[in-house]
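Below you can see the structure in the form of structure tokens.
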């Protein structure tokens with residue numbers, strides 16, 4: 008009976024490792040082991056990241072209890088560095104969500120591809136930050152530390168592209184494995200439930 012139940016449960020799994028998501032060979036550390044961490048790696052210039060944004064934003068507003076969502080902007084190459092700096096500068100203002108949404112819109116809807124520090128400095132004036140202040144923050148120790156940390160974290164997961172979602176340091180999901188934004192969220196929710204069940208103390 009137990010063997011049948013185990014087989015049945017496996018057969019009923021809606022998503023499969025190696026197809027819909029990938030189990031990481033070396034799990035990464037999470038910031039809070041008492042919660043399930045969902046970490047998105049993204050780049051403002053990425054069309055697929057922009058495609059995922061609306062779905063991810065809705066999901067984030069209805070985040071289940073016991074789940075932590077973290078956005079990470081790794082500079083996987085030199086061309087991404089200005090945008091990584093821009094993200095962490097935006098986060099430092101306490102108005103990160105609005106600024107990030109506006110930057111995505113500027114680059115992908117208005118087709119104004121802001122790719123230099125000076126261009127981004129002008130963009131940030133829309134949010135009450137002077138160009139001088141932007142440049143100071145851009146070159147500050149705190150922002151450079153966050154940019155380097157994001158890149159190192161992406162490298163530790165051996166990421167070569169974005170968007171990429173890492174669930175609890177153990178599972179990798181992207182638009183390719185999940186086959187689209189809506190299904191990606193379904194896979195992420197499935198993995199969250201899987202991890203939350205593992206966190207529950209034995210009765």
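In our numbering, the protein residues as written are 8 to 210. Glycine included, each C-beta is placed from N, C-alpha and C at the ideal position. None of the values given here were measured: they were computed from a predicted structure.
Integer Cβ distance of residue i from residue j, believed to fall under 8 Å
i: residue 93; j: residue 127; result: 5 Å
i: residue 145; j: residue 106; result: With 8 Å as the limit, residue 145 and residue 106 do not qualify as a contact, their Cβ atoms being about 14 Å apart.
i: residue 49; j: residue 197; result: Actually they are not in contact, since the Cβ atoms of residue 49 and residue 197 sit about 21 Å apart, beyond 8 Å.
i: residue 129; j: residue 138; result: 7 Å
Same chain, Cβ closer than 7 Å to residue i, neighbours up to 5 away in sequence not counted
i: residue 111; result: 51, 57, 60
i: residue 55; result: 170, 182
Distance CB(residue i)-CB(residue j) smaller than 8 Å
i: residue 157; j: residue 91; result: yes
i: residue 178; j: residue 29; result: yes
i: residue 195; j: residue 173; result: no
i: residue 73; j: residue 37; result: no
i: residue 122; j: residue 89; result: yes
For residue j and residue i, the rounded distance between their alpha carbons
i: residue 175; j: residue 164; result: 12 Å
i: residue 32; j: residue 25; result: 12 Å
i: residue 135; j: residue 203; result: 41 Å
i: residue 98; j: residue 190; result: 28 Å
i: residue 101; j: residue 185; result: 32 Å
i: residue 151; j: residue 45; result: 23 Å
i: residue 210; j: residue 140; result: Reliability of the predicted coordinates at residue 210 is poor, the pLDDT of 47 falling under 50, and the value obtained from them is presented with this limitation in mind. Cα-Cα distance, rounded: 55 Å.
i: residue 39; j: residue 161; result: 18 Å
i: residue 168; j: residue 69; result: 27 Å
i: residue 131; j: residue 67; result: 24 Å
i: residue 27; j: residue 35; result: 20 Å
i: residue 75; j: residue 104; result: 16 Å
i: residue 153; j: residue 85; result: 15 Å
i: residue 205; j: residue 147; result: 40 Å
i: residue 201; j: residue 180; result: 14 Å
i: residue 80; j: residue 20; result: 32 Å
i: residue 199; j: residue 71; result: 9 Å
i: residue 155; j: residue 108; result: 23 Å
i: residue 159; j: residue 124; result: 22 Å
DSSP beta-bridge partners of residue i
i: residue 76; result: 45
i: residue 178; result: 30, 174
i: residue 24; result: 28
Own chain partners of residue i with C-beta closer than 8 Å, once the 5 adjacent residues on each side are dropped
i: residue 63; result: 47, 188, 192
i: residue 120; result: 52, 114
i: residue 133; result: 109
CB contact check: residue i to chain C, cutoff 8 Å
i: residue 184; result: The structure shown has no chain C; it contains just one protein chain.
beta-carbon residue i near the ligand MG non-hydrogen atom, thresh 7 Å
i: residue 142; result: Ligands are entirely absent from the displayed structure, and the ligand MG is therefore not among its contents.
Same chain, Cβ closer than 6 Å to residue i, neighbours up to 5 away in sequence not counted
i: residue 65; result: none
i: residue 87; result: 50
i: residue 11; result: At residue 11 the pLDDT is 39, less than 50, meaning the model places this residue with poor confidence; the figure from the coordinates comes in the next sentence. Correct list: empty, nothing qualifies.
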